[in-house]
Amino acid sequence: MADDLQNGADPGFGVYVHWPFCLSKCPYCDFNSHVRHEPVDEARFGSALIREIAHRAETTRGRRVASIFFGGGTPSLMSASTVARVIEAIDRHWTLAPGAEITLEANPTSVEATKFAGFRAAGVNRVSIGVQALNDADLKALGRTHSSVEALAALEIARKTFERFSFDLIYARAGQSVAQWRSELASALALARDHLSLYQLTIEPGTMFERMRDAGKLVVPGPDLGRDFWDATQEIMNGAGLPAYEISNHARPGAESRHNLIYWRTGDYAGVGPGAHGRITGQNKRRAQATERDPQKWLSAVESAGHGLIEDDVLSREEQGDEFLLMGLRLAEGIEPGRFEAMSGRGLDPRRVQSLIADGMVEYTSGGRLRVSAEGFPLLDAVVADLAA
Ligand code: SF4
1 MADDLQNGAD
11 PGFGVYVHWP
21 FCLSKCPYCD
31 FNSHVRHEPV
41 DEARFGSALI
51 REIAHRAETT
61 RGRRVASIFF
71 GGGTPSLMSA
81 STVARVIEAI
91 DRHWTLAPGA
101 EITLEANPTS
111 VEATKFAGFR
121 AAGVNRVSIG
131 VQALNDADLK
141 ALGRTHSSVE
151 ALAALEIARK
161 TFERFSFDLI
171 YARAGQSVAQ
181 WRSELASALA
191 LARDHLSLYQ
201 LTIEPGTMFE
211 RMRDAGKLVV
221 PGPDLGRDFW
231 DATQEIMNGA
241 GLPAYEISNH
251 ARPGAESRHN
261 LIYWRTGDYA
271 GVGPGAHGRI
281 TGQNKRRAQA
291 TERDPQKWLS
301 AVESAGHGLI
311 EDDVLSREEQ
321 GDEFLLMGLR
331 LAEGIEPGRF
341 EAMSGRGLDP
351 RRVQSLIADG
361 MVEYTSGGRL
371 RVSAEGFPLL
381 DAVVADLAA
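Counting from 1, position 352 in the sequence shown corresponds to residue 352 in UniProt numbering; the numbering is continuous, with no gaps.
This is the structure:
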C-alpha cells in the first residue's frame, strides 16, 4: 500500500461502478440488486455507464483515479468486454494512477469463475468473492446459488489469476455454534491470501430474513452469543496476522482494500450506475450524490440527460462531521480529531470523550488519533452516536 494511504494523509480519489443485477435475491440482502427474467441489455447498460462516467468527470476534472470498484448486484455477471470498456472510459475521462487498484465483486458460481481470466485481461487486479459460507446447507439457507465445491474452485482460480483477492464470509448464522465458526474460519484462513471480509449476520429492514424472523421462522444469535462470535473472530484473525483494520475487514498490513479506505477516510469518490453514491469536494463544499436506484429509470435518465443523479446536495459542516465520525471510527486507526474540527467547525466534546475513555470504549493513540478500543468495537454504533451528539 502506498505510504500516503498508510498514514491516512490522502485517501485518494475512487470511482464506484454499480452493476445492479443478480441471478436471484439472497434473503438477507438489502443492496440495490434486481433479478431479471429476460436477458439484460448489457451493451446498452455499458454505454450508459460510460455516459455517466463522462458526466461525472466533467465535474471532477483533473482528478487521478487511485481505485475503481465494480460492486453490485453481481458485477461478475458482466462480460469482460463491458468491464474493459468501463475501465478504458474511466482512464480516458480522468486518469488512472499507476498501479491503481481495480476490484470486481464476484460470485463463485462456476460460470463466473471461468470469466476471471477475462476480467484480469480487462484490467481488474483484485477480486472480492462472495463465498459467505463453506458448507452447502448454510449456503442454501443463505439463498446462495453456488455450492461449497464451486466456492473452493473459484478461490483456486482467483489465486492463480490475481495477485490480490479477498472473500466474504457471514457468521453468527442461524443454528451456527461458535465452535463451528472457529473451525470454518480456520478453513477459510487456509484458503485466504491476505484479506478477508467477515460480516456478522444482521437482519436488515425489508429483507426476507426480516419477515422470516418476525414470523418466528428464523432465530439468529442474540447479543451475548453475538459477542462470543465476535471475540472468537478477533482472536483467530489477530493470531493469524490479519487483524481487523475496519470493523468487518481483516488484512495483513499493506493488503487493505484501498477503495474502501477512501470511504472510511472521508475521501472523494464518484459513483456511477443505478443506486450509486458519491462524495465530491470542490470550492470548499462537499457534495453528497446519489443516482436513481431503479435500473430502467436510471437507464432512461442517462440516455436522455447524460446522468442518473437524483441527489446532489451540499453537506452542512455538521453533516460532514457526523459522516467523518461514522466512517472513520470504523477503522482500527481511528480519526484525527483536528480533521473533525476542520470539517465540522466544532471540536469533540471533551467530557464525552473522557467519559468514553473511562468506560474503556475509546482511546488516544500515541500520535494523538482517537480510536475505538477492542472493547468498544462491538458497541460501535452507540460510541459514534455518543461522540456525534
Ligand atoms: S448476490 Fe449479493 S447483491 Fe445479489 S442478492 Fe445476493 S447478496 Fe445481494
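Backbone N, C-alpha and C define an ideal beta-carbon position, used for all residues, glycine too.
{"query": "Where do the N-terminal and C-terminal ends of the beta strand (DSSP E) with Y263 fall, by residue?", "result": "Per DSSP, Y263 belongs to no beta strand (DSSP E); it is in the alpha helix (DSSP H), R258 to W264."}
{"query": "Counting only the same chain and skipping the five closest in sequence on each side, list residues whose C-beta sits under 8 Å from that of R159.", "result": "F165 and R193"}
{"query": "Quick one: give me the first and last residue of the alpha helix (DSSP H) that L152 is part of.", "result": "S148 to T161"}
{"query": "Go ahead and label S366 buried or exposed: buried means 16 or more other beta carbons lie within 10 angstroms of its beta carbon, across all protein chains shown.", "result": "exposed"}
{"query": "Expressed to the nearest angstrom, what Euclidean distance is found between the alpha-carbon atoms of A106 and T74?", "result": "6 Å"}
{"query": "Quick check on the DSSP output: what are the complete beta strand (DSSP E) runs of length 3 or more inside the region 262 to 310, in order along the chain?", "result": "268 to 272, 277 to 282 and 285 to 291"}
{"query": "So L104 and L155 are in contact, right, with Cβ under 8 Å, and what is the actual spacing, rounded?", "result": "Contact doesn't hold; Cβ gap of about 15 Å is too wide."}
{"query": "Would you report the Cα separation of P221 and I170, rounded to the nearest angstrom?", "result": "13 Å"}
{"query": "Contact defined as beta carbons within less than 8 Å: I believe R352 pairs with L315. What is the distance between those atoms, to the nearest angstrom?", "result": "The pair is not a contact, with the Cβ atoms about 22 Å apart (cut-off 8 Å)."}
{"query": "Looking at ligand 1, does it come within less than 8 Å of T109, judged from the CB to the closest heavy atom?", "result": "no"}
{"query": "Check whether the Cβ of G143 lies closer than 8 Å to any heavy atom of ligand 1, and answer yes or no.", "result": "yes"}
{"query": "Quick one: does the C-beta of T74 sit closer than 8 Å to a heavy atom of ligand 1?", "result": "yes"}
{"query": "Have a look at W19 and L309 and give me their C-alpha separation to the nearest angstrom.", "result": "16 Å"}
{"query": "On the DSSP letters alone, give me the boundaries of the alpha helix (DSSP H) that H37 sits inside.", "result": "It is not in any alpha helix (DSSP H) - H37 carries neither H nor E in the DSSP assignment."}
{"query": "Taking the C-alpha atoms as reference points, what is the distance between G216 and L142?", "result": "17 Å"}
{"query": "Return yes when at least one heavy atom of ligand 1 lies under 8 Å from the C-beta of E199, else no.", "result": "The residue you asked about is not Glu; residue 199 is Tyr in the sequence shown. Flag unset: Cβ of Y199 not near ligand 1."}
{"query": "Which residues share a DSSP beta bridge with G71?", "result": "H18"}
{"query": "Assuming L196 is part of the beta strand (DSSP E), what are its boundary residues?", "result": "H195 to Q200"}
{"query": "Would you kindly work out how many angstroms separate the C-alpha atoms of N238 and Y245, rounded to a whole number?", "result": "11 Å"}
{"query": "Using 9 Å as the limit for Cβ to Cβ distance, is D359 near chain D?", "result": "Any reference to chain D falls outside this structure, which holds one protein chain only."}
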